[in-house]
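Numbering (UniProt numbering), first residue to last: 1 to 152.
Beta carbons: idealized from backbone N, C-alpha and C, even for Gly.
Keep in mind the model is a prediction, meaning the values are calculated, not measured.
The structure under discussion appears below in the form of structure tokens.
Below, the structure written as structure tokens:
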């Protein structure tokens with residue numbers, strides 16, 4: 001005697017809550033879409049008699065549709081941050097002045113920053129020249145000259 005599993009609305013709602021709990025522990029929003037889809041299938045199953053094949057189809061379609069709707073909304077209405085450069089390394093140095101640690105030759109050199117040094121790109125100048133950071137490009141700072149003579 002073989003019995004098949006025929007999920008009811010409680011199974012879908014429990015699955016929905018399980019996906020929500022997973023969403024709390026995993027970064028991204030992947031499980032959120034699955035949770036929404038499972039909850040909707042549970043609601044439809046509570047209201048109507050639906051076969052298990054249609055339930056699975058609705059779950060898959062619901063997950064994809066909820067993801068597409070949310071991604072479309074977020075692309076048109078991006079989340080604004082009070083600190084847009086929070087995780088951009090080196091942005092805190094823009095506008096500050098530093099001394100050239102290694103002469104800038106052919107547009108490349110090093111400056112001393114705190115207890116370390118950064119690769120810089122800017123006009124050629126000797127060691128000891130004072131420069132101002134004007135931009136950050138990846139792991140390299142762009143600088144401009146403040147004075148043309150090195151400090152002694």
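Among residues of its own chain, excluding the 5 on either side of residue i, which ones have a beta-carbon nearer than 6 Å to its beta-carbon?
{"i": "residue 31", "result": "19, 22, 23"}
{"i": "residue 114", "result": "none"}
{"i": "residue 62", "result": "37, 40"}
{"i": "residue 33", "result": "63, 66, 67"}
Is it buried or exposed, residue i, if we count other Cβ atoms within 10 angstroms and call 16 or more buried?
{"i": "residue 53", "result": "exposed"}
{"i": "residue 10", "result": "exposed"}
{"i": "residue 111", "result": "buried"}
{"i": "residue 59", "result": "buried"}
{"i": "residue 146", "result": "exposed"}
{"i": "residue 17", "result": "exposed"}
{"i": "residue 48", "result": "exposed"}
Tell me whether residue i sits in a helix, a strand or coil according to DSSP, three-state version.
{"i": "residue 71", "result": "helix"}
{"i": "residue 139", "result": "coil"}
{"i": "residue 128", "result": "coil"}
{"i": "residue 5", "result": "coil"}
Considering residue i, what are the terminal residues of the alpha helix (DSSP H) in which it resides?
{"i": "residue 83", "result": "Segment: none, residue 83 is in no alpha helix (DSSP H) and carries neither H nor E."}
{"i": "residue 23", "result": "9 to 25"}
{"i": "residue 30", "result": "30 to 47"}
Which residues in the same chain have their Cβ closer than 8 Å to the Cβ of residue i, if we skip the five residues on either side of it in sequence?
{"i": "residue 119", "result": "108, 109, 110, 139, 140, 141"}
{"i": "residue 6", "result": "52"}
I'd like the span of the beta strand (DSSP E) that includes residue i, first residue to last.
{"i": "residue 111", "result": "108 to 113"}
{"i": "residue 104", "result": "97 to 105"}
Using DSSP bridges, identify the partner residues of residue i.
{"i": "residue 116", "result": "113"}
{"i": "residue 133", "result": "143"}
{"i": "residue 121", "result": "108, 142"}
Compare the C-beta of residue i with all C-beta atoms of chain C and state if any pair is closer than 8 Å.
{"i": "residue 18", "result": "Looking at the structure shown, chain C is missing, and only one protein chain is on hand."}
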